[in-house]
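Since the structure comes first, as structure tokens, the remarks are kept for the end.
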Amino acid sequence: MQEEVLRGAGVKCYHCGQACDEELFQFDDKNFCCYGCKTVFEILSENDLCTYYNFETSPGLQQANLESKTYSYLDEVAIRGKIIEFEIENSARVSFQIPAIHCVSCIWLLENLNRLNKGIIKSEANFVKKVVSIDFNPSEVKLSQIAELLASTGYEPTIRLDAEREKPTKASATDLLLKLSVAGFCFGNIMLLSFPEYLGIDAEDDWLRRLFSYLNIALSVPVLLYSGRDYLIAAFKAFQQRQINIDVPIAVGLIVLFVRSVIDIYLEVGPGYLDSLSGLVFFLLIGRWFQSKTYESLAFDRDYKSYFPLAVYKKLGEEWVPTVVYELRRGDQIRVRNNEIIPADSYLLDAEASIDYSFVTGESKSVKVLAGERIFAGGRMVGKAAMMTVDKETSQSHLTSLWNNNAFTKSKGVDYNTLMNKVAKVFTWSVLFLALATAVTWYFLDASRTWLVVTSVLMVACPCALALAAPFTYGNVLRVFGNHGLYLKNAEVVEQMARVDAIVFDKTGTITKGTSSVVWNGVLTHADKVKVKALASSSTHPLSTLIAKHIKGPVQVRITDYREFPGLGIEAMIEGQYVKLGSAAFVGAKAVEATSDSHVYVSFDNDVRGNFTISTALRNDIQRLILHLGTKVKALLSGDSAADQTRMRSIFEGDVELRFDQSPHDKLSYVSTLQKRGNHVMMLGDGLNDSGALKQSDVGIAITDDTGLFTPACDGILDGRKLGTLNKFLSLSHSAITILKISLGISLVYNVVGLSFAVTGHLTPLVAAILMPISSISVVGFTTLAVNMVSKQKLS
41 MQEEVLRGAG VKCYHCGQAC DEELFQFDDK NFCCYGCKTV FEILSENDLC
91 TYYNFETSPG LQQANLESKT YSYLDEVAIR GKIIEFEIEN SARVSFQIPA
141 IHCVSCIWLL ENLNRLNKGI IKSEANFVKK VVSIDFNPSE VKLSQIAELL
191 ASTGYEPTIR LDAEREKPTK ASATDLLLKL SVAGFCFGNI MLLSFPEYLG
241 IDAEDDWLRR LFSYLNIALS VPVLLYSGRD YLIAAFKAFQ QRQINIDVPI
291 AVGLIVLFVR SVIDIYLEVG PGYLDSLSGL VFFLLIGRWF QSKTYESLAF
341 DRDYKSYFPL AVYKKLGEEW VPTVVYELRR GDQIRVRNNE IIPADSYLLD
391 AEASIDYSFV TGESKSVKVL AGERIFAGGR MVGKAAMMTV DKETSQSHLT
441 SLWNNNAFTK SKGVDYNTLM NKVAKVFTWS VLFLALATAV TWYFLDASRT
491 WLVVTSVLMV ACPCALALAA PFTYGNVLRV FGNHGLYLKN AEVVEQMARV
541 DAIVFDKTGT ITKGTSSVVW NGVLTHADKV KVKALASSST HPLSTLIAKH
591 IKGPVQVRIT DYREFPGLGI EAMIEGQYVK LGSAAFVGAK AVEATSDSHV
641 YVSFDNDVRG NFTISTALRN DIQRLILHLG TKVKALLSGD SAADQTRMRS
691 IFEGDVELRF DQSPHDKLSY VSTLQKRGNH VMMLGDGLND SGALKQSDVG
741 IAITDDTGLF TPACDGILDG RKLGTLNKFL SLSHSAITIL KISLGISLVY
791 NVVGLSFAVT GHLTPLVAAI LMPISSISVV GFTTLAVNMV SKQKLS
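Basically our numbering = 1-based index in the sequence shown + 40.
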């Protein structure tokens, strides 16, 4: 193929159909108006998707015109608003259900849509849920054009505009049950028609025997082409992409059985193996159904039961009470403070607010929102607190996806899914090689049994159980952790927890918690108290929260120029006065004599008015926890003064370092130093001044009490009341690794034993097909029971 630059003379571009009088590029005997169109053609050509061009003239243009008539309704404002998940000036996100997703080829193309249209920023495909999420620039590409692109490449989106559109479609489950039903019906009837063969009865009329045999062929055709088509298509796509997957041995076995059976029946040398073929597909589909139902149950737990308890303040009467986000309903009035996440699509009630959508886009960029404008779930409040009205109920699966945004994924550790895929690929190639060697051997030993033996080898040696071991082990551990107050970002964190050998604690909000004892030392008018409460209410710091609760009454003042300085304090302009709340150095006050209590100082226009004395108490069982963790505890890092050193030393004995007056950068540096020494570090903090250290650590755990801070820096969120059981969580993570190894061992033993029987000819394809789902069920059942038993033992 040659490429050269020509002068266009009204020739139309092969891809987009537009005439071009400028430079025209010729590639593979086709003309393109630009490199973009040429690149799209190359991608489609490489992936056998050139049906996009199967039109008589101006193929690309006619395809676009055809599809625009179908999807143009998506650009209507009312409909668009129901589909778009997020949108700001140059960035929007939409998710489409794509039932056609079935193999690695689909994933590759759907995650490279940005190469097909420059308006698409990125796309991510979820194989299990058959959903593709697309980030795009609305000024460069319309929503209808994205739907057209998907349809034109063979992945027509299923678009639902009702309230249930976010729930996974049941079409795939129904399709699987139909295939299972067809396979079961045909399997039963083929066995019925084969009874004379089973019992060794010679039919008196030869034509009747032949009729039954041909009826068996007719019944096996829908089994192969309908019930078993997913295996055939997946194997075919894998070969197209020069890939190998676990469906290849199965597809080869099905084709071998069918072809050999048809030949035997046609040549009248035997009854064939169509009963084995239909039974094989039937039991394979039973195994697939079982796996899909188990995956669904794990996904449900992950989205709704094992989700961290993110809370927000909701107005009830004249009071603001913390409410778990999934209890919010449309019309509820909420208040979101600085650094808190907007949990649901809402409309702003205040005059203005600043929203950071970096959790959604991965780029830190604040957007100014005015009263009445829409704020999308996933944005983070920047600056003063704002009131808003909920428009849509919270989608916890949406927030889960934000927490797992690739922009915030740590590069440390092993991607176990990738490892399992590699193992499965090597395993599959090994099985194909073993099947070939078996075929050659049996051809010389007993050629009549070659096909049965080879098929048995292909069936019994399936890496499904191997691939299921890790996700089901870690998935069950995630569920157990969530039920006991520890909410992890993803399954990989379980493995990282098992490797932890160094633990670092923050003090305020982690080791200690605020009490109801808040005492004001100084002089404040009622109007001044209202301003202090308004300022404190905008912050998520534990001490600010206690001060806001201490001062009674409603807040109806205007706050501007709000700023928060981690580890120091907060300030803002309130009703014409410059109010500061924080440490003595931040406010410009003379520090009182050091005690174990915390002191928060207040100034108005740089005039210090006094301070709040807040008593702090140690969390329950913290001393017992430190004792159980032993030498793993390396340090306590605190931004407070050393006034509480005596009390802290009574808890952290031995060689544990106590460091006070630590800035956020100091904490990060300390964690980094431990890692350079070869330690795997767990950092526990309140998620505010510790965000850098949480992100740097191998496992960062944010401690939360009455409300949760949504931060991508942490790998997990721990209910403050459960901190005393941290050692039990770590112990269970070690047990999870052991359970995983045993599961892999079960899978390996099953395959070794099964293969030994299959290779020696002592296993029929039908029995092998029955053993396949049994192996998967055994692994899933073992991991579930083992995790539940160990968790009851360790977390009771």
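Each residue gets a CB set at the ideal place from its N, CA and C atoms; glycine is no exception.
Cβ-based neighbour list, Lys-345, same chain, cut-off 8 Å, excluding 5 preceding and 5 following = Taking the first residue of the sequence shown as position 1, residue 345 is located at position 305. Per-residue confidence for Lys-345 stands at a pLDDT of 40, beneath the threshold of 50, marking its modelled position as unreliable; the derived number appears in the next sentence. Excluding residues within five positions, the ones whose Cβ falls inside 8 Å are Arg-519, Gly-522, Asn-523.
If we count the other Cβ atoms within 10 Å of its Cβ and call it buried at 16 or more, is Lys-408 buried or exposed?
-> Taking the first residue of the sequence shown as 1, we reach residue 408 at position 368. Lys-408 comes out exposed.
For Val-352 and Val-376, believed in contact at Cβ under 8 Å, the rounded distance | Stepping through the sequence shown from its first residue, residue 376 is reached at position 336. Stepping through the sequence shown from its first residue, residue 352 is reached at position 312. Yes, Val-376 and Val-352 are in contact; Cβ-Cβ is about 6 Å, under 8 Å.
Local conformation of Lys-429 per DSSP, three classes = As a first step, residue 429 is located in the sequence shown; it is residue number 389 there, counting from the start. One detail in the question is off: residue 429 reads as Thr in this sequence, not Lys. DSSP places Thr-429 in strand when its eight states are reduced to three.
Start and end of the alpha helix (DSSP H) containing Ile-666?
-> Translated into positions along the sequence shown, residue 666 becomes position 626. Unbroken alpha helix (DSSP H) run through Ile-666: 662-669.
Please state whether DSSP places Ser-131 in a helix, a strand or coil.
-> By 1-based counting over the sequence shown, the position of residue 131 is 91. Here Ser-131 sits in strand by DSSP.
Which residues mark the beginning and the end of the beta strand (DSSP E) in which Glu-697 is found?
-> As a first step, residue 697 is located in the sequence shown; it is residue number 657 there, counting from the start. Where Glu-697 is concerned, the enclosing beta strand (DSSP E) stretches over 697-699.
From the DSSP output, which residues share a beta bridge with Arg-414?
-> Locating residue 414 in the sequence shown gives position 374, where the first residue counts as 1. The partner list for Arg-414 (beta bridge, DSSP) reads Tyr-387.
Between Asn-660, Lys-672, Ala-742, which lies nearest to Asn-719 when the distance is taken from Cα to Cα?
-> Taking the sequence shown and counting its residues from 1, the one referred to as residue 719 is at position 679. Checked all of Asn-660, Lys-672, Ala-742; the closest Cα to Asn-719 is Lys-672.
Cα-Cα, which of Gly-310, Phe-416, Val-570, Phe-276 is closest to Glu-127?
-> Translated into positions along the sequence shown, residue 127 becomes position 87. For the residues Gly-310, Phe-416, Val-570, Phe-276, the minimum Cα distance to Glu-127 belongs to Phe-416.
Would you kindly check if the distance between the Cβ of Arg-369 and the Cβ of Glu-433 is under 8 Å?
-> Locating residue 433 in the sequence shown gives position 393, counting from the first residue. Locating residue 369 in the sequence shown gives position 329, counting from the first residue. In this structure, Arg-369 lies closer than 8 Å to Glu-433 by Cβ.
Use the C-beta contact count for Asp-838: other C-beta atoms within 10 angstroms, 16 or more gives buried, fewer gives exposed.
-> The requested residue 838 is not part of the displayed model; the chain covers only 41 to 836.
Rounded C-alpha distance that separates Leu-835 from Val-534 | Locating residue 835 in the sequence shown gives position 795, where the first residue counts as 1. Locating residue 534 in the sequence shown gives position 494, where the first residue counts as 1. So the two alpha carbons sit approximately 16 Å from each other.
Test item: CB-CB of Ala-538 and Thr-823 under 8 Å = Against the sequence shown, residue 538 aligns to sequence position 498. Against the sequence shown, residue 823 aligns to sequence position 783. Result no, Cβ atoms of Ala-538 and Thr-823 do not sit closer than 8 Å.
Own chain, CB closer than 7 Å to Ala-576, minus 5 neighbours either side, in chain order = As a working mapping, residue 576 is identified with position 536 in the sequence shown. Same-chain partners within the cutoff: Ser-584, Ile-587, Ala-588, Leu-621.
Closest Cα partner of Gly-525 within the set Asn-152, Phe-769, Glu-116, Phe-176 = Position 485 of the sequence shown holds residue 525. Closest option to Gly-525, Cα to Cα, is Phe-769.
Under 8 Å, do Cys-226 and Val-181 count as touching if we go by C-beta distance?
-> Here the question's residue 226 lines up with position 186 in the sequence shown. Here the question's residue 181 lines up with position 141 in the sequence shown. No, they are not a contact pair.
Give the single residue among Gly-764, Val-261, Arg-489 whose Cα lies nearest to the Cα of Leu-803.
-> On the sequence shown, position 763 is the one that residue 803 refers to. Of the candidates Gly-764, Val-261, Arg-489, the one whose C-alpha sits nearest the C-alpha of Leu-803 is Arg-489.
Could you work out which residue in Leu-669, Asn-157, Lys-674, Leu-564 is closest to Tyr-641 when comparing CA atoms only?
-> Residue 641 sits at position 601 when you count from the first residue of the sequence shown. Nearest of Leu-669, Asn-157, Lys-674, Leu-564 to Tyr-641, Cα basis: Leu-564.
Under 8 Å Cβ to Cβ from Ile-840, same chain only, skipping five residues before and after it: list those, please.
-> No statement about residue 840 is possible, as the shown extent of the chain runs from 41 to 836 and does not include it.
Pick from Val-292, Thr-600, Ile-257, Val-830 that is closest to Ala-274, judged by C-alpha positions | Counted from its first residue, the sequence shown places residue 274 at position 234. Per the Cα distances, Val-292.
Can you check DSSP and say which residues form a bridge with Leu-528?
-> Stepping through the sequence shown from its first residue, residue 528 is reached at position 488. Beta-bridge pairing links Leu-528 to Gly-756.
Which parts of the segment 537-590 are runs of the alpha helix (DSSP H), unbroken and 4 residues or longer, counting only runs that do not cross its ends?
-> 566-577, 582-590
Exposed or buried, what is Arg-717 when buried is set at 16 or more other beta-carbons lying within 10 Å of its beta-carbon?
-> As a working note, residue 717 is residue 677 in the sequence shown. So Arg-717 ends up on the exposed side.
From Gly-760 to Ser-179, what does the alpha carbon distance come to, in whole angstroms?
-> Here residue 760 is taken as the residue at index 720 of the sequence shown, counted from 1. Here residue 179 is taken as the residue at index 139 of the sequence shown, counted from 1. Distance between the alpha carbons of Gly-760 and Ser-179: 45 Å.
Of all the alpha helix (DSSP H) runs that stay within the bounds of the segment 265-319, which reach a length of 4 or more residues?
-> 269-280, 287-307
CA nearest to the CA of Ile-290, picked from Leu-320, Glu-116, Tyr-602 = Taking the first residue of the sequence shown as position 1, residue 290 is located at position 250. It is Leu-320 whose Cα lies nearest to the Cα of Ile-290.
Keeping to the same chain, check which residues put their C-beta closer than 6 Å to that of Asn-177; ignore five residues upstream and five downstream.
-> Along the sequence shown, read from residue 1 onward, the residue named residue 177 stands at position 137. Taken in chain order, the residues that qualify are Asn-130, Gly-159.
Among residues of its own chain, excluding the 5 on either side of Thr-97, which ones have a beta-carbon nearer than 7 Å to its beta-carbon?
-> For the purposes of this step, residue 97 is taken as residue 57 along the sequence shown, with counting starting at 1. At Thr-97 the pLDDT is 38, less than 50, meaning the model places this residue with poor confidence; the figure from the coordinates comes in the next sentence. Counting only Cβ-Cβ distances below 7 Å, and skipping sequence neighbours, we find nothing.
Cβ neighbour criterion (16 or more within 10 Å) applied to Val-45 = As a working mapping, residue 45 is identified with position 5 in the sequence shown. Confidence at Val-45 is low in this model, with a pLDDT of 45, below 50, so its placement is unreliable and the value that follows should be read with caution. Exposed, since its Cβ has fewer than 16 Cβ neighbours within 10 Å.
Just the C-alpha distance for Gly-593 and Glu-358, rounded to the nearest angstrom, thanks.
-> Mapped onto the sequence shown, residue 593 falls at position 553. Mapped onto the sequence shown, residue 358 falls at position 318. In a straight line, the C-alpha of Gly-593 is about 9 Å away from that of Glu-358.
Using the beta-carbon count (16 or more within 10 Å), is Ala-203 buried or exposed?
-> Here residue 203 refers to the residue found at position 163 when the sequence shown is read from its first residue. The pLDDT assigned to Ala-203 is 41, lower than 50, so where the model puts this residue is not dependable, and the model offers no usable value.
What is the DSSP secondary structure of His-802, counted as helix, strand or coil?
-> Indexing the sequence shown from 1 puts residue 802 at position 762. Correct three-state label for His-802: coil.
Give me the Cα-Cα distance between Lys-13 and Gly-732, rounded to the nearest whole angstrom.
-> Given that the chain is displayed from residue 41 to residue 836, the structure contains no residue 13 and the question cannot be resolved.
Just the Cα atoms here: how many angstroms apart are Ala-391 and Ala-411?
-> Position 351 of the sequence shown, counted from the first residue, corresponds to residue 391. Position 371 of the sequence shown, counted from the first residue, corresponds to residue 411. Ala-391 and Ala-411: Cα-Cα distance of roughly 5 Å.
What residue does the alpha helix (DSSP H) around Phe-626 start on, and which one ends it?
-> Working through the sequence shown from its first residue, we reach residue 626 at position 586. From DSSP, the alpha helix (DSSP H) with Phe-626 extends over 624-627.
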